[in-house]
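Worksheet for the structure shown next.
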Amino acid sequence: MPDSCKAVINSSSWELPPIFQWLQANGNVDATEMYRTFNCGVGMVVCVPQDQADAAVNKLNELGEQAWLIGLIEDKSDDEEAVELRG
C-alpha cells in the first residue's frame, strides 16, 4: 500500500473468536496490540477496487471461502498510522 494511504478497518465487521477473547482477557493485551499481532481471526486480506468489492466477495464465497468486507482504503497524512481501527 502506498505511504499516502491507510487501511480503515471496521473491527465490528466480524466476531472476535473465543481464543482471541481469552488471550486478550488473560494476557491483559489491549485491542490495538491484539489486531496488530494476531489479526484476530481475519486471516488473509484482499484489497480490490471498491466497484469490484461485492463481486470479489461473492466469488470467494462461491469458491468456499468465508469472505466479507472489513474496510476501505483512504488517503492519510504523514502523521497518521497505516492502519486505523474503527468499530
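Mapping of the sequence shown onto this note's numbering: position 68 corresponds to residue 132, and the numbering continues sequentially without gaps.
Every residue gets a Cβ at the ideal spot worked out from N, C-alpha and C, and that includes glycine.
(Q) In the DSSP output, which residue or residues are listed as bridge partners for N74? (A) Start at 1 with the first residue of the sequence shown, and residue 74 comes out as number 10. For N74, which the question treats as bridged, DSSP gives the partners R150.
Q | Contained alpha helix (DSSP H) runs [length at least 4] in the segment 81-115, N- to C-terminal order | A | 82-91 and 95-102
**Q.** One or two residues paired with E79 in a DSSP bridge
**A.** As a first step, residue 79 is located in the sequence shown; it is residue number 15 there, counting from the start. According to DSSP, E79 bridges with nothing at all.
Q) Considering only C-alpha positions, which residue in the set C111, P113 and F84 is nearest to Y99? A) Walking along the sequence shown from the start, residue 99 turns up at place 35. The shortest Cα separation from Y99 among C111, P113 and F84 belongs to F84.
(Q) With DSSP as the reference, identify every bridge partner of G135, one or two as the case may be. (A) Taking the first residue of the sequence shown as position 1, residue 135 is located at position 71. In the DSSP output, where bridge partners are listed per residue, G135 has I73.
Q) Under 9 Å, do A146 and A71 count as touching if we go by C-beta distance? A) Translated into positions along the sequence shown, residue 146 becomes position 82. Translated into positions along the sequence shown, residue 71 becomes position 7. Yes, the pair counts as a contact, with Cβ atoms nearer than the cut-off.
Q. Going by C-alpha distance, which of N92, L149 and M108 is nearest E129?
A. What you label residue 129 is simply residue 65 of the sequence shown in a count that begins at 1. Among N92, L149 and M108, the Cα nearest to that of E129 is on M108.
**Q.** Beta carbon of W78 nearer than 9 Å to that of W132
**A.** Against the sequence shown, residue 78 aligns to sequence position 14. Against the sequence shown, residue 132 aligns to sequence position 68. Yes, they are a contact pair.
Q.
Give me, in chain order, the residues of the same chain whose beta-carbon lies closer than 6 Å to that of V110; leave out the 5 immediate sequence neighbours on both sides.
A. Counted from its first residue, the sequence shown places residue 110 at position 46. So the list is empty, once near-sequence residues are dropped.
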